[in-house]
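Per the UniProt record's numbering, numbering of the sequence shown is gapless, rising by one per residue and ending at 314. Every residue, glycine too, gets a C-beta built ideally from N, C-alpha and C.
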Amino acid sequence: MKRALLSLSPLLSSANAFRGSAFTLGLRPRICLSTRNLSLGSLPLARAPGVLQTPPRAFREQSVWQFIASRLSKATHRSGIARGSSRGSGGYGGGPEGPWQRFRARINAIPSPYIFWGIVGLNGLVFAFWKLAWIKYQSTGDGSSYVWMMQNFIASSANLKAGRWWTLVTCCFSHEDVMHILFNGMTYYFMAPAVLSILGNVGFLGLYLGSGIASSLAGIAWRDYTQRGQASGAHGASGAIYSVVSFFACVAPTTTFLLFGIVPVPAWAFVTGIFLYDGYSAVNQTRAGTDTAGHIGGLLSGVAFYIAKRLRLF
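Structural data, given as structure tokens:
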């Protein structure tokens, strides 16, 4: 579960860059993969939290719930989180008939499986676009599609300076490597249903997308600080997924994950360990191919979202 880093130096100027000397030599921007990948996709839940809402039937039927034991009361006292906002009346969006409340109601009326599988589908679609763009370049020498992908699905200072602010979000649905999307997808599959059932559609999308943006900004800021003058960017869903994991750990800190299906680890210890590991790696730059700062941004965003919900700030 990671955000991949890649060099953008020869790529973001124009589509014609692909016909330059670097690419006539078959030089492809390399995404370095970490062998760490402590994917939660291999971490079934040994004990589940007392979630506040009964999961939709479609989610109960998914295999993730096969790993959930029946002792649901342990973490309930930590879960003072309402699915809907309890704040305010009147104003532009605060009243029961305000535009924001109507929008929330429409989103929450969508069956939760559509939200869950919609995110999966978007990741798969973008992954397919990456592959098609690369095949087009290999077969025809035309790298314009590949450049377009990098300009629209990579979080980087270059893209922000060019006004492509949407890349802060689109990069969170972007994977180019098979193992990258596989590990992130497995983690999302196992963790997202529980948090979606707690927060509802609007809350979950707010957590996922908001934390994805925070993760992108954290990664960009850290790279600008540590790699002055070097054009680079990152993509991947792990920043958003890390926020889901850390939020879950705040709701149910004593819930047990089984690392690789064997080693029991409480949720709070797992998240703390990832935070320390990624923090150490970021400071010492020991994993140059991984957006460790983006990971930290995602983790902290999940914790911040939990605190905000506990304080009923929204």
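Determine the closest residue to residue i out of the options, with distance taken between C-alpha atoms.
{"i": "Lys309", "options": "Trp130, Phe204, Asn284", "result": "Phe204"}
{"i": "Ser116", "options": "Ala194, Trp148, Gln138, Asn284", "result": "Correcting the residue type first, residue 116 is Phe in the shown sequence and not Ser. Answer by Cα proximity: Ala194."}
{"i": "His175", "options": "Gln230, Ala133, Val283", "result": "Ala133"}
Whole-angstrom Cβ separation of residue i and residue j, contact assumed at under 8 Å?
{"i": "Gly219", "j": "Ala304", "result": "Gly219 to Ala304, Cβ: 17 Å. No contact."}
Are the CB atoms of residue i and residue j nearer to each other than 7 Å?
{"i": "Ala234", "j": "Gly294", "result": "yes"}
{"i": "Ser238", "j": "Asn159", "result": "no"}
{"i": "Ser112", "j": "Leu196", "result": "yes"}
{"i": "Ser216", "j": "Gly302", "result": "no"}
{"i": "Lys131", "j": "Ser145", "result": "no"}
{"i": "Phe173", "j": "Leu122", "result": "yes"}
{"i": "Phe129", "j": "Ile181", "result": "no"}
{"i": "Val244", "j": "Ala288", "result": "no"}
{"i": "Asp224", "j": "Ser139", "result": "no"}
{"i": "Ala249", "j": "Val263", "result": "no"}
In chain order, what residues of the same chain lie with their CB nearer than 6 Å to the CB of residue i, ignoring the 5 residues before and after it?
{"i": "Val265", "result": "Phe257, Leu259"}
{"i": "Tyr208", "result": "Ala240"}
{"i": "Trp222", "result": "Ala293"}
How many angstroms separate the CA atom of residue i from the CA atom of residue j?
{"i": "Arg312", "j": "Tyr306", "result": "10 Å"}
{"i": "Val202", "j": "Asn108", "result": "6 Å"}
{"i": "Phe275", "j": "Ser211", "result": "15 Å"}
{"i": "Arg106", "j": "Thr226", "result": "43 Å"}
{"i": "Gly236", "j": "Ile110", "result": "26 Å"}
{"i": "Asn152", "j": "Tyr242", "result": "23 Å"}
{"i": "Gln230", "j": "Gly98", "result": "47 Å"}
{"i": "Thr170", "j": "Gly261", "result": "32 Å"}
{"i": "Thr187", "j": "Val120", "result": "11 Å"}
{"i": "Arg28", "j": "Asp142", "result": "Confidence at Arg28 is low in this model, with a pLDDT of 40, below 50, so its placement is unreliable and no value can be given for it."}
{"i": "Leu199", "j": "Gly206", "result": "9 Å"}
{"i": "Arg102", "j": "Trp165", "result": "27 Å"}
{"i": "Thr290", "j": "Ser232", "result": "12 Å"}
{"i": "Arg60", "j": "Tyr114", "result": "Summary for Arg60: the model assigns pLDDT 37, below 50, so the residue's position carries little reliability; its value from the coordinates is reported in the next sentence. Going from the Cα of Arg60 to the Cα of Tyr114 covers about 15 Å."}
{"i": "Gly118", "j": "Gly124", "result": "10 Å"}
{"i": "Val283", "j": "Leu300", "result": "17 Å"}
{"i": "Ala162", "j": "Gly279", "result": "30 Å"}
{"i": "residue 344", "j": "Phe314", "result": "This structure gives no information on residue 344, because the portion of the chain shown stretches from 1 to 314."}
{"i": "Met149", "j": "Arg228", "result": "24 Å"}
Just to confirm my understanding: we take residue i, look at its own chain, exclude 5 residues before and 5 after, and list those with CB closer than 7 Å. What are they?
{"i": "Ile213", "result": "Leu168, Val169"}
{"i": "Gln285", "result": "Thr226"}
{"i": "Gly273", "result": "none"}
{"i": "Tyr277", "result": "none"}
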